[in-house]
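Residue numbers (the working numbering), protein chains in the order written: chain A, 1180 to 1695; chain B, 1180 to 1695. Notes for the one structure printed next.
There are 2 protein chains.
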Amino acid sequence: MQNKIGREIPESVLALGFEPYQGEGAKDGVEYRKQGPRVRACEKPFESKVQSSLREAIVKCGLTDGMTISFHHHFRDGDYIVNMVMTEIAALGIKDITIAASSLGTAHDPVAEMIEQGIVTGIQTSGIRGKIGDVISHGKLKTPAILRSHGGRVRAIESGEVHIDVAFIGAPTSDCYGNARGKGGKSDCGVLSYAMVDAKYADKVVVITDTLVDFPNFPPSIEAIDVDYVVVVDEIGNPNKIASQAARMTQDPRDLMMAEMCAKVIAATEYFRDGFSFQTGAGGPSLAANRFLEPMLVKNGYKISWIIGGITQPAVELLNKGLVGTIVDAQDFDVPSLKSVHEHPRHFEISTSQYCNPANKGAFVNKLDFVILAALEIDTDFNVNVITGSDGVLRGAPGGHPDAAAGAKCTLIVAPLLRGRMPTVCERVVTVTTPGECIDVLVTDYGVAVNPRRQDLVEQLTRAGIPLCTIESLKQKAYEIAGAPDPLPFDDRVVAIMEARDGTVLDVVREIKPIA
Amino acid sequence: MQNKIGREIPESVLALGFEPYQGEGAKDGVEYRKQGPRVRACEKPFESKVQSSLREAIVKCGLTDGMTISFHHHFRDGDYIVNMVMTEIAALGIKDITIAASSLGTAHDPVAEMIEQGIVTGIQTSGIRGKIGDVISHGKLKTPAILRSHGGRVRAIESGEVHIDVAFIGAPTSDCYGNARGKGGKSDCGVLSYAMVDAKYADKVVVITDTLVDFPNFPPSIEAIDVDYVVVVDEIGNPNKIASQAARMTQDPRDLMMAEMCAKVIAATEYFRDGFSFQTGAGGPSLAANRFLEPMLVKNGYKISWIIGGITQPAVELLNKGLVGTIVDAQDFDVPSLKSVHEHPRHFEISTSQYCNPANKGAFVNKLDFVILAALEIDTDFNVNVITGSDGVLRGAPGGHPDAAAGAKCTLIVAPLLRGRMPTVCERVVTVTTPGECIDVLVTDYGVAVNPRRQDLVEQLTRAGIPLCTIESLKQKAYEIAGAPDPLPFDDRVVAIMEARDGTVLDVVREIKPIA
């Protein structure tokens, strides 16, 4: 059947118990009971949870065939944890494992082979890149991968849709009881926001660190009361790949032009007032928008109330200049950000539930004024794709994109009209990761289009003298330059299910045929 | 039947589903599934949770006859919240309410009348004083009150034994979304540790504040993601009764002598070494022990690793002098303590689960070296009573007493042999709140007795030249001076059930006969 946004959801997927997407906010107000983990009471005193080896911890957790394990991705491309744990699991002869990660990338290429071997038979993630995406797109994973936004992942765990048997949490520092922090140590990643829900809802929790510190390691991101075992290893990550030294500010004139237009669009709306809230992605033009916003703030005597999201240097600079009141931080992309969090008195770590869970009693994104996001593709219904590449292969991350887009009063997508010879603006995106009803404004290098649902913004931008065009005309222009893209050679088989924030099915990803 | 410590548990209590106490640590390692609250997904953006009145919030919560509501006691004798909420509930004609509070005191005397009227038919608490204790002891509450330690309360809530329908959380500051803090405002109480479990496990959560602050109110003790409604009132408490200006250090020579002996006992044990951990109650001699410990620390070049518990000025002073590494704080008894928490970089707020829940994966008390506690009575089996007065009426608080006693490697009770004409050391305490197997040393003004279970401590104290006597000889001395106490005129009816930390029944409290 077709879901609310006209995507065909096969019966085979509905038969798994999934509902089709029914529109933005369709599950607002739904009541449910949160699930709890199965835990062992530690009533008697004992001194330490440190185990002699990772293998010992895995064995003590009772990890067996068919279980679900989880990981966070705060170490990004520098992560050693996933491979370290999976190597032990494989060596123990355990198979049929589902990995429920907050994101998976090229650092985890060795897992691709374990998928082919049946050691890993399920993947649930908010991002997927490298060889894992490749083998899944080519039909090697036994079950369809389940793709969720960051907020959707928390919702799924808290509601019990995903039950984590064992969470493996890499931590830059931990004490012998498992009080763990994102700060400090050899592999500083600033915060452990993604892992917080895992610690609270997994039956067993293993903290893996390369820097054991004195008890109590406070304030903890992961609380000892939720941790079963602590494992100390030589290295949990490669610091050079965890965080870049500093955000590279784009010098590309096209990016700068789009960034300036984003700032102009923001300033033209009713939401641009003293105390607005703001989020940007870490992409070039999104980041550069900060540069153009700053003089507008100064000129108007405005201050940003709070900045949220994955944090980068420009946000930290605005905080240090007193142009932002508070940063609430769910991920650090660069060294200035991870140095600032917990150090600057108004730069705080938050959980991903606080950030963007659509099923709690009100996440930060619900009060967000502006977000600037990127897109691999955007279609004439304003649907955005950030998961499948132009070849139809999984190589992206919904991450917090659908969450921030749904929450923000004004959601901007910034993207060049073309990437190489591929139109970004198109008739129909390969995969919908963020529904068009959540997108308000598209800024491209060939013009600005406002979603027709937002006639209020059309008026406000027009009043401010910003020239607007239709998204159809942008698509037209793209196709004129590059030609209409050829349809991708998909097979019928569903290899991945793209969940909406609320757990319904937004779209499916099908197997891509091998090149003949 | 008799439980492990020889207390008669009536069949009527066992018939309610309770198990008799089976000894310290009997439930260690027991597996259970944590319960979750029933919540309403807030997927759609909205700006504020502030309601026009407390009544509106109560009505929106759907509060009806027979429900369980909860409160915290961080405002102590200055609390206005319980009476404010109960007055509205009574005015709405709602009845048969169970109050599950972290403690109840004289500030809540008006509730006594509601018990007689059947508006309140259940009480679950970790402390009970004033008229509420009186009417319960005289058989006016419809169901037996359930008394738990602070850790036992968290355990009961997390395991689902107590299900809170609506938590009412008084907060010194809150923003419009319910991010609430113990710090700041007109009724500063420092921390909101007791309320944290309520916020996470109650179906509905109402934050009541007299100081609404800008969003986001960070770092929050209570997270907005768990809060349904915010109510702003004129005053939530009386600051003069919330915290004393400064801890009154006793000048009583008897108290000082006992305090000095406590410090000597500590210094004589193997646990007195660099980096030990420490807790004291807020009573006179317990507090004064800090004064005598300090020179011993300096002399040995030792530093206390961490201090935990209800915090008072002496702990803050040791922190400021660099003689303590970290304070982890679950309650503030005086102004210096509540000023220090969140301000001194090593003075942290913790949840009551982190402090002392016996059913999580390892609370702080599990790693505690020393605790000095008080007692209303202690018997020759070292069982302690801190709940019933010498007249058999409920007027005390187990609080964290049983938790710290069970966790600490060395648990000291400090108490005068007699209070007026009443022996403190006796043959059999009226009510057991902390089992004798958790008590190691009794320090009185007439001598020091070590629990015979701890021959290691007998040796260490003897080696240090501390004169020891038996607890029987102390009882003998007390009875010689004051005479053996007359048995109290109890009826058969059980008016309160004293749970052990693990939820089994340690003892029961019976109705006291009216004076003829």
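Ideal placement from N, C-alpha and C gives every residue a C-beta, glycine not left out.
Who are the neighbours of residue i on chain B, taking C-beta pairs under 8 Å?
i                       : result
residue 1577 of chain A : Here the premise fails: no neighbours, minimum Cβ distance about 16 Å.
Can you give the Cα-Cα distance for residue i and residue j, rounded to whole angstroms?
i                       : j                       : result
residue 1365 of chain B : residue 1382 of chain B : 28 Å
residue 1214 of chain B : residue 1444 of chain B : 43 Å
residue 1615 of chain B : residue 1584 of chain B : 9 Å
residue 1377 of chain A : residue 1579 of chain A : 17 Å
residue 1220 of chain A : residue 1683 of chain B : 14 Å
residue 1462 of chain A : residue 1553 of chain A : 7 Å
residue 1548 of chain A : residue 1561 of chain A : 19 Å
residue 1588 of chain A : residue 1301 of chain B : 46 Å
residue 1255 of chain B : residue 1279 of chain B : 15 Å
residue 1292 of chain B : residue 1541 of chain B : 40 Å
residue 1329 of chain B : residue 1312 of chain A : 49 Å
residue 1499 of chain A : residue 1288 of chain A : 39 Å
residue 1577 of chain B : residue 1521 of chain A : 36 Å
residue 1452 of chain B : residue 1504 of chain B : 14 Å
residue 1506 of chain A : residue 1303 of chain A : 29 Å
residue 1232 of chain B : residue 1290 of chain B : 21 Å
Can you pull the chain A neighbours of residue i, defined as C-beta to C-beta under 9 Å?
i                       : result
residue 1570 of chain B : Correct list: empty, because the minimum Cβ distance to chain A is about 34 Å.
residue 1401 of chain B : Chain A residues near residue 1401 of chain B: none, gap ~11 Å exceeds 9 Å.
List the whole-angstrom C-beta distance separating residue i from residue j, where the pair is believed to meet the contact cut-off of C-beta under 8 Å.
i                       : j                       : result
residue 1349 of chain B : residue 1260 of chain B : 4 Å
residue 1531 of chain B : residue 1566 of chain B : 18 Å between Cβ atoms; not a contact.
residue 1574 of chain B : residue 1327 of chain B : So it is not a contact: roughly 17 Å between Cβ atoms.
residue 1422 of chain B : residue 1508 of chain B : Wrong, their Cβ atoms sit about 13 Å apart, outside the cutoff.
residue 1545 of chain A : residue 1224 of chain B : 4 Å
residue 1389 of chain B : residue 1409 of chain B : That pair is no contact at about 12 Å.
residue 1673 of chain B : residue 1323 of chain B : 5 Å
residue 1696 of chain A : residue 1264 of chain A : Shown here, chain A extends from 1180 to 1695; a query on residue 1696 of chain A therefore has no answer.
residue 1240 of chain A : residue 1407 of chain A : 7 Å
residue 1608 of chain A : residue 1650 of chain A : Their Cβ separation, rounded to whole angstroms, is 12 Å, which puts residue 1608 of chain A and residue 1650 of chain A out of contact at 8 Å.
residue 1571 of chain B : residue 1555 of chain B : Between residue 1555 of chain B and residue 1571 of chain B the Cβ distance is about 11 Å, and since that is not below 8 Å, they are no contact.
For residue i, go through chain A and note every residue whose CB falls closer than 7 Å to its CB, in chain order.
i                       : result
residue 1215 of chain B : 1212, 1213, 1214 and 1215
residue 1586 of chain B : 1224
Could you pull out every residue in the same chain whose Cβ sits closer than 7 Å to the Cβ of residue i, ignoring the five residues on either side in sequence?
i                       : result
residue 1425 of chain A : 1492, 1513, 1514 and 1515
residue 1244 of chain A : 1273, 1274 and 1275
residue 1454 of chain B : 1482 and 1484
residue 1187 of chain A : 1181
residue 1713 of chain A : Since the first residue of chain A shown is 1180 and the last is 1695, residue 1713 of chain A is not available in this structure.
Given that residue i touches chain B, what residues does it touch there, using C-beta distances under 7 Å?
i                       : result
residue 1684 of chain A : Here the premise fails: no neighbours, minimum Cβ distance about 16 Å.
residue 1395 of chain A : 1485, 1505 and 1507
By Cβ distance, which residues of its chain are closer than 8 Å to residue i, with the 5 residues on each side in sequence left out?
i                       : result
residue 1393 of chain A : 1354
residue 1640 of chain B : 1444, 1447, 1448, 1620, 1627, 1629 and 1647
residue 1396 of chain B : 1352, 1353, 1354, 1358, 1359 and 1360
Taking 6 Å as the limit between beta carbons, can you name the residues of its chain near residue i, skipping five residues before and five after?
i                       : result
residue 1488 of chain A : 1458
residue 1433 of chain A : 1624
residue 1246 of chain A : 1344
residue 1367 of chain A : 1351 and 1517
residue 1346 of chain A : 1249, 1377, 1381 and 1384
residue 1476 of chain B : 1502
residue 1417 of chain A : 1257
residue 1709 of chain A : The question about residue 1709 of chain A has no answer, for chain A in this structure spans 1180 to 1695.
residue 1234 of chain A : 1267
Using a Cβ cut-off of 8 Å (strictly closer), state whether residue i contacts chain E.
i                       : result
residue 1241 of chain B : Looking for chain E here will not work: the only protein chains present are A and B.
Against residue i, what residues of chain B qualify as contacts under a CB-to-CB distance less than 9 Å, listed in chain order?
i                       : result
residue 1209 of chain A : 1219, 1220 and 1222
residue 1545 of chain A : 1221, 1222, 1223, 1224, 1225, 1226 and 1356
Identify each residue in the segment 1521-1541 of chain A for which the Cβ-Cβ distance to at least one residue of chain B is less than 9 Å, and report them in chain order. 1525, 1527, 1528, 1529, 1530, 1532, 1533, 1536, 1537, 1538, 1539, 1540 and 1541
Please identify, using Cβ separations under 8 Å, the residues of the segment 1476-1507 of chain B that lie next to chain A, in order along the chain. 1484, 1485, 1504, 1505 and 1507
Within 8 Å of chain B by C-beta, residues of the segment 1216-1234 of chain A in sequence order: 1216, 1217, 1218, 1219, 1220, 1221, 1222, 1223, 1224, 1225, 1226 and 1228
May I ask you to list, following chain order, the residues of the segment 1347-1377 of chain B that have a beta carbon less than 8 Å from some beta carbon of chain A? 1356 and 1357
Name the residues in the segment 1398-1422 of chain B whose C-beta lies less than 8 Å from a C-beta of chain A; which are they? 1398, 1402, 1403, 1404, 1405, 1406 and 1407
Which residues of the segment 1615-1643 of chain A have a Cβ closer than 9 Å to any Cβ of chain B? Give them in chain order. none
Output, in sequence order along the chain, the residues in the segment 1657-1681 of chain B whose CB is closer than 8 Å to any CB in chain A. 1680 and 1681
Output, in sequence order along the chain, the residues in the segment 1191-1207 of chain B whose CB is closer than 9 Å to any CB in chain A. 1203, 1204, 1205, 1206 and 1207
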